[in-house]
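Visitor: Okay, handing you the structure first.
Number of protein chains: 2
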Amino acid sequence: MFEERAPVKVMDAVQMVMAHSREGEEERVHLSEADGRYLAEDIKADHPIPPFDRSPLDGFAIQSQDSKNASSESPVKIEIVDTVGAGHTFTGKLKPGHGVRVMTGTIMPDDCDAVVMFELANDYQENGNSYIDIKRQFSPGDFVSKQGEETSEGETVIKKGTIVTAGVIAVLATFGYEYVPVIRKPRIGIFATGTELLDVNEPLEPGKIRNSNAYMIISQVRKAGGEPMYFGKLMDDFDLCYDAISSALEDVDALVTTGGVSVGDFDFLPAIYDKLGADVLFNKIAMRPGSVTTVAVFDGKPLFGLSGNPSACFVGFELYARPWVRRFMKSEKPYLQTIRGTLTADFPKPNPFTRFIRSRVKYEGNRLYAEPIGMDKSQVVTSLAYSDCLVAVPGGSRGYTSGDEVDILLLEAEGSAIPFKDPEKRKG
Amino acid sequence: MFEERAPVKVMDAVQMVMAHSREGEEERVHLSEADGRYLAEDIKADHPIPPFDRSPLDGFAIQSQDSKNASSESPVKIEIVDTVGAGHTFTGKLKPGHGVRVMTGTIMPDDCDAVVMFELANDYQENGNSYIDIKRQFSPGDFVSKQGEETSEGETVIKKGTIVTAGVIAVLATFGYEYVPVIRKPRIGIFATGTELLDVNEPLEPGKIRNSNAYMIISQVRKAGGEPMYFGKLMDDFDLCYDAISSALEDVDALVTTGGVSVGDFDFLPAIYDKLGADVLFNKIAMRPGSVTTVAVFDGKPLFGLSGNPSACFVGFELYARPWVRRFMKSEKPYLQTIRGTLTADFPKPNPFTRFIRSRVKYEGNRLYAEPIGMDKSQVVTSLAYSDCLVAVPGGSRGYTSGDEVDILLLEAEGSAIPFKDPEKRKG
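One line per chain: the protein sequences are A and B, in this order.
Its first residue numbered -9, the first sequence is counted upward by one per residue in the working numbering.
Its first residue numbered -9, the second sequence is counted upward by one per residue in the working numbering.
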């Protein structure tokens, strides 16, 4: 009766899932809704930067030839005939010896080719007119920002695949991208399975627990960048589950289920994959927690069969579903960012499989430290709440002690272009 | 005519702003909308975990006394009289020598006190009945998860001030928090000032540039956790600006303006603060970029007067507005996370003031590296797009070279309980 499954290695499981990655279709979203998306096209400058010769500071636009004999001993007197703010244009014609008061960003008057900053100009009134005295020579172009000196028209300013952050948005706005070419979010269907599950607003009953995985996965999908579609919880009934899952698959790009993937009598997911004709990539991974994590592919869509255990469910999503979601959106850094750091507490559990320890990261000096959480039973529930990293340790060890250097997978950083290092390669 | 302003130090400016921090009012939001908020109350367990004695695995619930003479040589035969899945309850009465097939999470039948996992039980059929053979002794409690062994009823499981992540949501769902006590988001008003500004969808005109700061700040406010309220762009006209700003202040918790804080003829913000009767905390900071960054307080509400220069605007928001927004929401880590790391390129500019260099972080081995972006003019525009950290270096230096250890302020990490280290204390 008991089914023996052959476990695959963690890194092999990641590669098997990512071999089925695909990129979604392009869409346009408004600039103010583009945060966290990835650019589907290279962004080009629709105009040079600066778009015109302009003053980079508050000062006086002058004709540099007027200053050719200027010195401290014999200052040259320039009449200031107008004041022009940024956004306005001086359209007059200047006589020799005349200049214009300009502000930061003001387009240069046609006849002017240098700017004297306020701090260097001695300005004064005489007979109702404004003047400055210049005490040094200026060359053409002095203190002028030249058109195109930063960026030429048509230049690629941001490469496709870049994540849209506040800084990217500034560049997009500069170049007139009111609507931004991005890849659409993948629709990630979610089912929680288990007759024991109550809704969050239901009172407890003997033998039942509240459904926590579905809300957790909704949050994880959103953070990964996908669009969660929660279809509710399912009783442990084969026909009910089969119908719900096969129907949902028509509306989603990938499906996450929690529970039902182990070898219990009411773990129906394996039989559902079978009846669907889905290709089961693996149904056991040499890892803790989450060894029962199963991934199948149907019609090009991955079915992430995560464990019903909350910690295993969490880890399974981050390791296998997150990179698929991010890659769909064109991320070049779909994996969790990994860094080597120091364990700050003993982790005495012997470790037959690769283990991902829920931990909290600390930054100190030039080092990162990770403190395992949930080491005693009273923290099991709260360990997920306080985790902001996973410590990955290879199998076969007798445990780890405070001060050991370990791989830390950061849950909060943007991401990494390569998966975490294979923990099994860390065996010393 | 030229106004000399006395610059304050960066860290003093941060402290002056945060001296005016306050915490917003509590509200309840649905569990599925709570991501990124901070808990306003301690979260308590409304029931023990586990909520009842249960099986932690798929197996057979037995009466341990039946196993007292069991051994490999003389196995004990137990009749399995029922199968009970998780979520169901066995309500019958068991005779001695009887057991129940149970699944992971099933509530223990009243008469049972131990569980034999599938792998250790030899199960078979005889005359239409099911049996298992047990080859070892079991003690009361063996392989049973006891009620409350992880968490007791009433225990505080998550402390207030904790940011809501996927893991927190799992805990909240477990304990029936359909609506979550959080602090409301601060409403952050945004105005971009400058007659030179065009909307993102307008064609370019001589002397004008597109408004990029407003969209950038919307994104920064949202990432900080606040609710951006963009009121549009304002021409450089005192009365227009005064009316718009004083009216907007009634509807917001804080106001961000971009531009208009320098000493140009049309920089009206200083006069507006004056007419409002706002308390100007500082109007010059010994930093680059963003030395003109001004913060005033009116009616307890901060007015962040950021530079109109995009890079200065970006940095000003992250250093001064972000922590105010996060603290409003009850974050205990409102500041950018800082770590020491290595500069990967020369930064030859002499440095009279504290400088924040837009950079890109790299994780390698157990070290972080920061690569300055925008070192040559052609990158000025794109430097914001590719920055995911700021390198903070003290003033007074002749520049920095590749390999120097510097402070890296991470823009993507959750945050830090303390501000970045005072760069001026780094002077060697």
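Idealized CB from N, CA, C, for every residue including glycine.
These numbers come from a predicted model, not from an experiment.
(1) State the start and end residues of the unbroken alpha helix (DSSP H) segment that holds B:M8.
(2) Beta carbons nearer than 7 Å to chain B: which residues of the stretch 360 to 390 of chain A have them?
(3) For the stretch 69 to 79 of chain B against the stretch 197 to 211 of chain A, do three or more pairs of beta-carbon atoms, one drawn from each stretch, fall closer than 8 Å, so that the two count as touching?
(4) Please list the partners that B:L21 has in chain A, where partner means a Cβ-to-Cβ separation under 8 Å.
(5) Flag B:M(-9) as yes if its beta-carbon sits less than 9 Å from any beta-carbon of chain A, otherwise no.
(6) Kindly list, in the order they appear in chain C, the residues whose Cβ is closer than 8 Å to that of B:R177.
(7) Can you name the residues that DSSP bridges to A:K352?
(8) Taking buried to mean at least 16 other C-beta atoms within 10 Å of its own C-beta, is A:T164 buried or exposed?
(9) Given that a residue counts as buried once 16 or more other Cβ atoms are within 10 Å of its Cβ, and exposed if not, what is A:T155?
(10) In three-state terms, what does DSSP make of B:D264?
(11) Work out the CA separation of A:V383 and A:L239 for me, nearest whole Å.
(12) Between the Cα of A:V71 and those of A:T248, A:Y169, A:F318, A:S120, spot the shortest distance and give me the residue it belongs to.
(13) How would you label B:A360, buried or exposed, when you count the other beta carbons within 10 angstroms and need 16 or more for buried?
(14) Tell me which residues share the same chain as A:R91 and place their Cβ nearer than 6 Å to its Cβ, disregarding the 5 neighbours each side in the sequence.
(15) Helix, strand or coil: how does DSSP classify B:M(-9) here?
(16) From B:P171 to B:V147, what does the alpha carbon distance come to, in whole angstroms?
(17) For B:V106, which three-state DSSP category applies?
(18) Can you pull the chain A residues whose beta carbon is under 7 Å from the beta carbon of B:N201, in chain order?
(19) Where DSSP assigns a beta bridge to A:F288, which residues make up the other side?
(20) Rounded to a whole number of angstroms, what is the C-alpha to C-alpha distance between B:R422 and B:I124?
(21) Out of curiosity, what's the CA-to-CA distance linking B:S62 and B:L110?
(22) Taking the alpha helix (DSSP H) that B:R177 belongs to, which residues open and close that run?
(23) Using the Cα positions of A:P99 and A:M107, report the straight-line distance between them to the nearest angstrom.
(24) Strictly below 8 Å CB to CB, what residues from chain A border B:G184?
(25) So, at 8 Å on beta carbons, what are the nonlocal neighbours of A:T141 in its own chain, with the 5 sequence-adjacent residues on each side left out?
(26) Could you please give me the residues that DSSP links to B:N273 through a beta bridge?
(27) Do A:L326 and A:R312 have their C-beta atoms closer together than 9 Å?
(28) Closer than 7 Å, Cβ to Cβ, to anything on chain B: give me those residues from the stretch 234 to 248 of chain A, in chain order.
(29) By alpha-carbon positions, which one of A:G179, A:D233, A:L224 ends up nearest to A:I207?
(30) For a test of the three-state rule: what should DSSP assign to B:N119, helix, strand or coil?
(31) Are there three or more Cβ pairs, one per stretch, closer than 8 Å when the stretch 249 to 268 of chain B is compared with the stretch 213 to 230 of chain B?
(32) Using 8 Å as the Cβ pair cut-off and three pairs as the minimum, do the stretch 275 to 283 of chain B and the stretch 338 to 347 of chain B touch?
(33) In chain order, what residues of the same chain have a beta carbon less than 8 Å from the beta carbon of B:R350, not counting five sequence neighbours either side?
(34) Helix or strand or just coil, what does DSSP make of B:V172?
(35) Which residue marks the beginning of the alpha helix (DSSP H) containing B:R317, and which one marks its end?
Guide: The relevant details are as follows:
(1) Within the second sequence, residue 8 of chain B is the residue found at index 18, counting from 1. First-last of the alpha helix (DSSP H) with B:M8: 0 to 8.
(2) K367, S368, V370, V371, T372, L374, A375, S377, D378
(3) yes
(4) In the second sequence, residue 21 of chain B corresponds to position 31, counting from 1. Under the 8 Å cutoff, chain A gives V190, Y205.
(5) For the purposes of this step, residue -9 of chain B is taken as the residue at position 1 of the second sequence. Any reading at B:M(-9) is ruled out, since the residue's pLDDT is 43, under 50, leaving its predicted position unreliable.
(6) Considering every chain present, this structure includes no chain C. Its protein chains are A and B.
(7) Taking the first sequence and counting its residues from 1, one reaches residue 352 of chain A at position 362. Partner(s): A:Y359.
(8) Taking the first sequence and counting its residues from 1, one reaches residue 164 of chain A at position 174. Buried, because 16 or more other Cβ atoms sit within 10 Å of the Cβ of A:T164.
(9) As a first step, residue 155 of chain A must be located in the first sequence, where it is residue number 165. Buried, because 16 or more other Cβ atoms sit within 10 Å of the Cβ of A:T155.
(10) Translated into positions along the second sequence, residue 264 of chain B becomes position 274. In this structure, B:D264 counts as helix in the three-state DSSP scheme.
(11) Mapped onto the first sequence, residue 239 of chain A falls at position 249. Mapped onto the first sequence, residue 383 of chain A falls at position 393. One C-alpha to the other measures close to 35 Å.
(12) Translated into positions along the first sequence, residue 71 of chain A becomes position 81. Comparing Cα positions, the closest option is A:S120.
(13) Position 370 of the second sequence, counted from the first residue, corresponds to residue 360 of chain B. Result: buried.
(14) Counted from its first residue, the first sequence places residue 91 of chain A at position 101. Hits under 6 Å: F50, I70, T73.
(15) The count along the second sequence starts at 1 and reaches residue -9 of chain B at position 1. In this predicted model, B:M(-9) has a pLDDT of only 43, less than 50, meaning its place in the structure is not dependable; the value taken from the coordinates is given anyway. Residue state, collapsed to three classes: coil.
(16) Here the question's residue 171 of chain B lines up with position 181 in the second sequence. Here the question's residue 147 of chain B lines up with position 157 in the second sequence. Between the C-alpha atoms of B:P171 and B:V147 there is a straight-line separation of about 14 Å.
(17) Here residue 106 of chain B corresponds to residue number 116 of the second sequence, with the count starting at 1. In the structure shown, B:V106 sits in a strand (DSSP, three-state: E or B).
(18) One-based indexing of the second sequence puts residue 201 of chain B at position 211. Ordered by position in chain A, the residues that pass the 7 Å Cβ test against B:N201 are A163.
(19) As a working note, residue 288 of chain A is residue 298 in the first sequence. Paired residues: A:K291.
(20) Only positions -9 to 418 of chain B appear in the structure, and residue 422 of chain B is not among them; the question remains open.
(21) As a working note, residue 62 of chain B is residue 72 in the second sequence. As a working note, residue 110 of chain B is residue 120 in the second sequence. In a straight line, the C-alpha of B:S62 is about 11 Å away from that of B:L110.
(22) Counted from its first residue, the second sequence places residue 177 of chain B at position 187. It is not in any alpha helix (DSSP H) - B:R177 instead sits in the beta strand (DSSP E) that spans 177 to 183.
(23) On the first sequence, residue 99 of chain A is found 109 positions in, with the first residue counted as 1. On the first sequence, residue 107 of chain A is found 117 positions in, with the first residue counted as 1. Each residue's CA atom was taken as its position, placing A:P99 and A:M107 some 16 Å apart.
(24) In the second sequence, the residue the question calls residue 184 of chain B occupies position 194. Within chain A, the residues near B:G184 are A76, G77, G95.
(25) The residue you call residue 141 of chain A lines up with position 151 of the first sequence. Excluding sequence neighbours, A:T141 sits near A35, P38, I39, V147.
(26) Along the second sequence, one-based indexing puts residue 273 of chain B at 283. Under the DSSP definition of a beta bridge, B:N273 lacks any partner.
(27) Residue 326 of chain A sits at position 336 when you count from the first residue of the first sequence. Residue 312 of chain A sits at position 322 when you count from the first residue of the first sequence. Yes. Within cutoff.
(28) none
(29) Working through the first sequence from its first residue, we reach residue 207 of chain A at position 217. Nearest of A:G179, A:D233, A:L224 to A:I207, Cα basis: A:G179.
(30) If you number the second sequence from 1, residue 119 of chain B lands on position 129. Three-state DSSP puts B:N119 in a strand.
(31) Touching, yes, given that three or more Cβ pairs across the two stretches are closer than 8 Å.
(32) Touching, yes, given that three or more Cβ pairs across the two stretches are closer than 8 Å.
(33) Position 360 of the second sequence, counted from the first residue, corresponds to residue 350 of chain B. A360, E361, I363, Y376, S377, D378, C379, listed in sequence order.
(34) Translated into positions along the second sequence, residue 172 of chain B becomes position 182. Three-state DSSP puts B:V172 in a strand.
(35) Taking the second sequence and counting its residues from 1, the one referred to as residue 317 of chain B is at position 327. That run of the alpha helix (DSSP H) goes 312 to 318.
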